[in-house]
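In my numbering, the protein residues as written are -15 to 680. For each residue, glycine too, the CB sits at the ideal point set by N, CA and C. Keep in mind it's a predicted model, so treat the numbers as computed, not measured.
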RNA sequence: GCCCGCUUAGCUCAGUGGUAGAGCACGCGCUUCACACGCGCGGGGCCGAAGGUUCGAGUCCUUCAGCGGGCACCA
């Protein structure tokens, strides 16, 4: 027999996967008893045109270990794959390409043509992630693959929307939203990032009507004063007690604005008097509502000043306007001082443009109501069970306890269009289909809302929609829901995990998953977060090429939920481990004539050699350790047990001690029995290794 | 401001009240018939600091420091 002395991972990787897939090994219908207990996982759907990064590889490895392990234990196991349309992210990529290649914007070619281009892009670049997932060896059931824009999943989205609307959980109306002036769309609070920034704090004086007195307010955004409709002070602040109810003259503009008292104001901060701009600040918006203040919009959707800002400001960029306002105050002798100040600025999570808070008519979901039951679940039953429990259970609970309305609509074209139609009079009809809307309206002349839904709206349904919801009789839904575990990164606990719990509890009356496993973050060797802009990312495919998929998987599995600095040395050591396995097998196979795999443990153990009985004892102990470790998500312990069992016990001791028994040239029943035992131990060890190292 | 995590060998990290561990790196010796991606031997640690509980603390408690994360506020 000719067996190479060095394991060549690529050969195994190339041949095994296509066979597994061809034979349907990953479908729950194959190799499992319909009556067996169920184990199911819905994969976090990667962006359809995305490509694999280390975070995916980590999550995928954990899920594959769990899936393969449970499948081998006889569970009716489903790991369901799919991809996400990734609304804003995909749209921006296609817009960029259109601009670069044809110099056109999406508006130049129109909605229909643009969407055709996005689908074209999806056809062209989609599929890469699936190929990469095959490379990773993932045992997902491709026959059940889903895409968030598939007709069935789109139907689920409409169902979710309509039901919530009918119950009053979804409404349309003006509200304070995060507006991205570059992407020209509203964004939810979870799609923007706060960054601290060095800036200035301007102290502006507002004259009191009919008096020489002036009130000083501090602001980081002087340009918004053009839209001020009040100044607020604390009701407990004695300095301003006599001013409450009096009128101020807003400089430059000349508008008369009241001084109002509100608990929101902290008398200790700044001057204790706050300018109130209800149209351009979330806190001021709320305060304005409490006091019935006017909303004067002075900044538009392009972050430029409106006509209401006054003729000399109209059309100016917000930062140009800022300078000009400050100059004016200086001229008027009303600029008290300017101080250096560090404050935080809100940026678009996608394009980094500075967000403008605006009042805008959008669709909102009353998240606090949908979150009430999930909050009860986590508080009363600790469902779902977070791994690691600290700090994630508390982080999740705190989030659910402080929910506010979710801005659902996006001024984009790629995504699920809002199932709302308007008649000529502007009446709104929310319906599952245009036909239903027409029936409601009693006429055909309807126009659908142009906006699409936040990508996470469809993601929120993922565990149920992929299994067949809203068809509640769907066999998959009945069998595989709730899912066993959700494996994901910590940064989407709010965006995604909490919302899947909301829909699961609302529509199925049950948690979406038993456990939530949060993976660690992988940093570069200097402890820096891997990012495209820093170009310090490590491509999992390069690591696969260099050391093999199995070796990489073992490293990822042992990383698990720990934050780690990536180090090729670890992968190299498991590459060596794979080679050790290869050579142990090589030895066994070179001495396998007369041996029977799988029948090595027949006969009376009392008559075996001492080392045979010892290794079987160690094998069984290792199997128990691996099972306990995998079932408690302690993957590093399973890896440790396997590594030392295989290398120290099996190779260093057992094979060495067996050599004299198995290497005899002449066949004897004793020699063949010994050979059978050796090769059976090997075969059992390979089974234990399989969830981690499926290719070798 | 509130909450959480981490701090153990040169590096990356395990460690579940009972004599400090692994991989890599390092030193010495081995072309030993499965494997030099290997084999054998070896050096290297007041387990972040200070208190406390305990017969006994890397492990439990308190305080502090450094690093990291989340939330709130940021006029």
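| message | Measuring only the C-alpha atoms, how far is residue 302 from residue 294? | response | Reading the first chain from its first residue, position 318 is the one you call residue 302. Reading the first chain from its first residue, position 310 is the one you call residue 294. Cα to Cα, residue 302 sits roughly 13 Å from residue 294.
| query | Hey, how far is the Cα of residue 617 from the Cα of residue 413? | reply | Start at 1 with the first residue of the first chain, and residue 617 comes out as number 633. Start at 1 with the first residue of the first chain, and residue 413 comes out as number 429. Whole-angstrom Cα-Cα distance: 48 Å.
| field | Contact belief for residue 217 with residue 237 at Cβ below 8 Å, rounded distance in angstroms | value | In the first chain, residue 217 corresponds to position 233, counting from 1. In the first chain, residue 237 corresponds to position 253, counting from 1. For a cut-off of 8 Å, the C-beta gap from residue 217 to residue 237 is around 20 Å, too long to register as a contact.
| message | For the structure I just gave you, are there three or more beta carbon pairs, one from the stretch 350 to 361 and one from the stretch 383 to 396, closer than 8 Å? | response | yes
| request: Using a threshold of 8 Å, state whether the C-beta atoms of residue 372 and residue 264 are closer than that. | output: Residue mapping note: residue 372 aligns to position 388 of the first chain, counting from 1. Residue mapping note: residue 264 aligns to position 280 of the first chain, counting from 1. For residue 372 and residue 264, no; Cβs fall outside 8 Å.
| query | Can you round the beta-carbon distance between residue 682 and residue 545 to whole angstroms, since I take them to be within the 8 Å contact cut? | reply | What is shown of the chain runs -15 to 680, which leaves residue 682 out entirely.
| Rounded straight-line distance, which links the Cα of residue 114 to that of residue 404 | The residue you call residue 404 lines up with position 420 of the first chain. The residue you call residue 114 lines up with position 130 of the first chain. Whole-angstrom Cα-Cα distance: 34 Å.
| task | Let me know the secondary structure DSSP gives residue 159 once reduced to three states. | result | Indexing the first chain from 1 puts residue 159 at position 175. Three-state result, residue 159: strand.
| By DSSP, does residue 431 sit in helix, in strand, or in coil? | Taking the first residue of the first chain as position 1, residue 431 is located at position 447. Here residue 431 sits in strand by DSSP.
| query | From the DSSP output, which residues share a beta bridge with residue 390? | reply | Residue numbering aside, residue 390 sits at position 406 when the first chain is read from its first letter. DSSP output for residue 390 lists 349 as bridge partner(s).
| request: Grab me the residues of residue 198's own chain with a C-beta within less than 6 Å of its C-beta, minus the 5 sequence neighbours each way, in chain order. | output: Here residue 198 refers to the residue found at position 214 of the first chain. These residues qualify, in order along the chain: 189, 191.
| task | With a threshold of 16 other CB atoms inside 10 Å of the CB of residue 78, please say whether the residue is buried or exposed. | result | For this step, residue 78 is matched to residue 94 along the first chain. By the neighbour-count rule (16 or more Cβ atoms within 10 Å), residue 78 is buried.
| task | Would you mind listing the beta strand (DSSP E) stretches within the stretch 10 to 42 that are 3+ residues and don't spill past its ends, in chain order? | result | 22 to 26
| task | Could you work out which residue in 348, 95, 207 is closest to residue 171 when comparing CA atoms only? | result | Looking up residue 171 in the first chain gives position 187. The residue with the shortest Cα to Cα distance from residue 171 is 348.
| said: Beta-carbon within less than 8 Å of residue 273's beta-carbon, same chain only, minus the 5 sequence neighbours each way: which residues are those? | reply: Your numbering for residue 273 matches position 289 in the first chain. Excluding positions up to five away in sequence, the list reads 262.
| Nearest candidate by alpha-carbon position, reference residue 366, set 596, 588, 215, 498 | Position 382 of the first chain, counting from 1, holds the residue named residue 366. Nearest C-alpha to residue 366: 498.
| field | Reduced DSSP category for residue 360 - H, G, I as helix; E, B as strand; rest coil | value | Stepping through the first chain from its first residue, residue 360 is reached at position 376. It is helical.
| query | Counting Cβ pairs, one atom from each stretch, are 3 or more of them under 8 Å apart for the stretch 433 to 445 and the stretch 115 to 125? | reply | no
| task | Buried or exposed for residue 639, please, with buried defined as at least 16 other CB atoms from any protein chain shown within 10 angstroms of its CB. | result | What you label residue 639 is simply residue 655 of the first chain in a count that begins at 1. Flag for residue 639 reads buried.
| message | Suppose the cutoff is 6 Å on Cβ atoms and the five residues either side in sequence are ignored; what does the same chain contact list for residue 306 look like? | response | Locating residue 306 in the first chain gives position 322, where the first residue counts as 1. Close CB contacts of residue 306 within its chain, under the 6 Å cut and outside five residues either way in sequence, are with 206, 207 (chain order).
| message | For a test of the three-state rule: what should DSSP assign to residue 524, helix, strand or coil? | response | For the purposes of this step, residue 524 is taken as the residue at position 540 of the first chain. Helix at residue 524.
| query | Roughly how many angstroms lie between the CA atoms of residue 127 and residue 182, to the nearest whole one? | reply | If you number the first chain from 1, residue 127 lands on position 143. If you number the first chain from 1, residue 182 lands on position 198. Between residue 127 and residue 182, the C-alpha separation is close to 53 Å.
| query | Under the rule that 16 or more other beta-carbon atoms within 10 Å means buried, what is residue 553, buried or exposed? | reply | On the first chain, position 569 is the one that residue 553 refers to. It counts as exposed.
| C-alpha distance - residue 107 paired with residue 479, whole-angstrom precision | For the purposes of this step, residue 107 is identified with residue 123 of the first chain, where counting begins at 1. For the purposes of this step, residue 479 is identified with residue 495 of the first chain, where counting begins at 1. Their Cα atoms are separated by approximately 27 Å.
| message | Could you give the first and the last residue of the continuous alpha helix (DSSP H) run that contains residue 622? | response | In the first chain, counting from the first residue as 1, residue 622 sits at position 638. 619 to 628 is the span of the alpha helix (DSSP H), which, as asked, contains residue 622.
| request: Using DSSP bridges, identify the partner residues of residue 183. | output: Indexing the first chain from 1 puts residue 183 at position 199. The partner list for residue 183 (beta bridge, DSSP) reads 325.
| request: Going by CA-CA distance only, name the one from 422, 74, 135 that's closest to residue 396. | output: On the first chain, position 412 is the one that residue 396 refers to. Nearest option by C-alpha distance: 74.
| Leaving out the 5 sequence neighbours to the left and right, which residues in its chain are closer than 6 Å to residue 443 when beta-carbon positions are compared? | Position 459 of the first chain, counting from 1, holds the residue named residue 443. The residues are 480.
| query | Would you report the Cα separation of residue 650 and residue 577, rounded to the nearest angstrom? | reply | Counted from its first residue, the first chain places residue 650 at position 666. Counted from its first residue, the first chain places residue 577 at position 593. Approximately 10 Å between the Cα atoms of the pair.
| query | Counting only runs that start and end within the stretch 467 to 523, where is the beta strand (DSSP E) found for 3 or more residues in a row? | reply | Counting whole runs of 3 or more residues, the stretch 467 to 523 contains the beta strand (DSSP E) stretches 467 to 473, 497 to 503.
| request: Alpha carbon to alpha carbon, how far is residue 614 from residue 381? Give it in angstroms, no decimals. | output: Counted from its first residue, the first chain places residue 381 at position 397. Counted from its first residue, the first chain places residue 614 at position 630. Spanning the two alpha carbons is a distance of roughly 26 Å.
| message | Here's a check: name, in chain order, each residue in its chain whose Cβ is nearer than 6 Å to the Cβ of residue 505, leaving out the five neighbours to either side. | response | The count along the first chain starts at 1 and reaches residue 505 at position 521. So the qualifying residues of the chain are 547.
| In terms of residues, what are the limits of the beta strand (DSSP E) holding residue 215? | Translated into the one-based positions of the first chain, residue 215 becomes position 231. 214 to 217 is the span of the beta strand (DSSP E), which, as asked, contains residue 215.
| said: Given a cut-off of 8 Å on the beta-carbon distance, is the pair residue 59 and residue 1 in contact? | reply: Taking the first chain and counting its residues from 1, one reaches residue 59 at position 75. Taking the first chain and counting its residues from 1, one reaches residue 1 at position 17. No. Outside cutoff.
| Among 608, 231, 621, nearest to residue 215 - alpha-carbon criterion | Position 231 of the first chain, counting from 1, holds the residue named residue 215. Nearest option by C-alpha distance: 231.
| task | Give the range of the alpha helix (DSSP H) segment to which residue 565 is assigned. | result | Within the first chain, numbered from 1, the residue matching residue 565 stands at position 581. That run of the alpha helix (DSSP H) goes 552 to 574.
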